[in-house]
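Everything on this sheet refers to the single structure shown next.
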Amino acid sequence: MNGNSILLDTNIVLYLLGGDKVLAELLNQKKLYLSFISQLELLGFRGITQKQQTEINRFVQECIVIDINEEIKKEVIQLRKSTKLKLPDTIVLATARYLSLPLITSDLDFKENEEVIIYT
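Quick note: the sequence shown uses the working numbering, first residue 4, plus one each step.
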C-alpha cells in the first residue's frame, strides 16, 4: 500500500460525519479503508435515525471495506494474546497490519502500537 492510504477507526468516521474540518483536511485525497467492524459499529448504533443511516452508508460506499479473512484472524489471535485491546479494536488493528496501513484513531488504548496515529 502507498502512503496515500489509511485505515479509519470508527471514532474517526464519527468525527468526520460530525463536521471535523481539521480531520477532513488531513484525510483529503487519501484512499480510505474501513474494517467491517467499523461498518457494523457505525450502522449498529441504537437509536440511529434514517438520515444518519443514509449518511453513514454514503460515507462507507466511498471507502474500501475490508472483511475478515484467515490472515486477519491469525493476527487477531496473536494480538489478543499480547495486548489488552477489546476484540473489535484488535480486529481493526489486525486489519491495519494485514494491509500494511496506518490506523488513525482517537482511542488512546492503541497508543502502544507503532502503526497507529492518535488524533486528538
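From the three backbone atoms N, C-alpha and C, an ideal C-beta is built for every residue, glycine too.
Taking just the CA atoms, how far does residue j sit from residue i?
i	j	result
N116	P91	16 Å
N7	K54	30 Å
E73	I80	11 Å
E78	V95	10 Å
K24	S109	15 Å
Of all the options the options, which has the alpha carbon lying nearest to the alpha carbon of residue i?
i	options	result
F39	K77, D112, Q64 and L82	Q64
C66	K76, G50 and Y36	Y36
Checking the sheet assignment: what are the DSSP bridge partners for residue i?
i	result
T57	Paired residues: none, contrary to the question.
K34	S8
T108	I121
I15	In the DSSP output, where bridge partners are listed per residue, I15 has none listed.
L68	It should be pointed out that residue 68 corresponds to Val in this sequence rather than to Leu. Per DSSP, L37.
Over the uninterrupted alpha helix (DSSP H) stretch that includes residue i, give me the two end residues.
i	result
I75	E73 to S85
I51	No alpha helix (DSSP H) holds I51; DSSP gives it neither H nor E.
D23	First-last for D23: undefined, no H or E at that position.
(message) With a threshold of 8 Å, are at least 3 pairs of Cβ atoms found where one atom belongs to the segment 40-53 and the other to the segment 10-26?
(response) Counting Cβ pairs under 8 Å, three or more are found: they touch.
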